[in-house]
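A.B. asks:
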Amino acid sequence: ADSLDLVELIMSMEEEFDIDIPDEEAEKLVTVKDAFDFINAH
Numbered sequence: 894a895d896s897l898d899l900v901e902l903i904m905s906m907e908e909e910f911d912i913d914i915p916d917e918e919a920e921k922l923v924t925v926k927d928a929f930d931f932i933n934a935h
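Read in this note's numbering, the sequence shown has 901 at position 8, and its numbers run on one by one without any break.
1. Span of the alpha helix (DSSP H) holding Lys-926?
2. Taking Asn-933 as the reference, which of Asp-911, Leu-899 and Leu-902 has the closest Cα?
3. Can you tell me where the alpha helix (DSSP H) holding Glu-908 begins and where it ends?
4. If you check the beta carbons only, do Asp-913 and Lys-921 fall under 8 Å apart?
5. Just the C-alpha distance for Glu-918 and Ser-896, rounded to the nearest angstrom, thanks.
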């Protein structure tokens with residue numbers, strides 16, 4: 894995935910789960926598990 898795809902994915906996650914993902918945290922979301930863990934923690 895290119896960087897635009899990743900930005901769109903982060904934006905979709907923020908909208909779907911009503912959360913804010915700071916850029917610093919978004920850079921750490923490398924795997925699906927990373928994203929899952931972040932969403933569950935917030």
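Quick reminder that beta carbons are idealized off the backbone N, C-alpha and C, glycines included.
C.D. replies: In brief:
1. Residues 925-934.
2. Between Asn-933 and the set Asp-911, Leu-899 and Leu-902, the nearest pair of CA atoms involves Asp-911.
3. DSSP places Glu-908 in the uninterrupted alpha helix (DSSP H) bounded by 896-910.
4. Their beta carbons are not under 8 Å apart, which means Asp-913 does not touch Lys-921 by this criterion.
5. Distance from the CA atom of Glu-918 to the CA atom of Ser-896, rounded to whole angstroms, is 15 Å.
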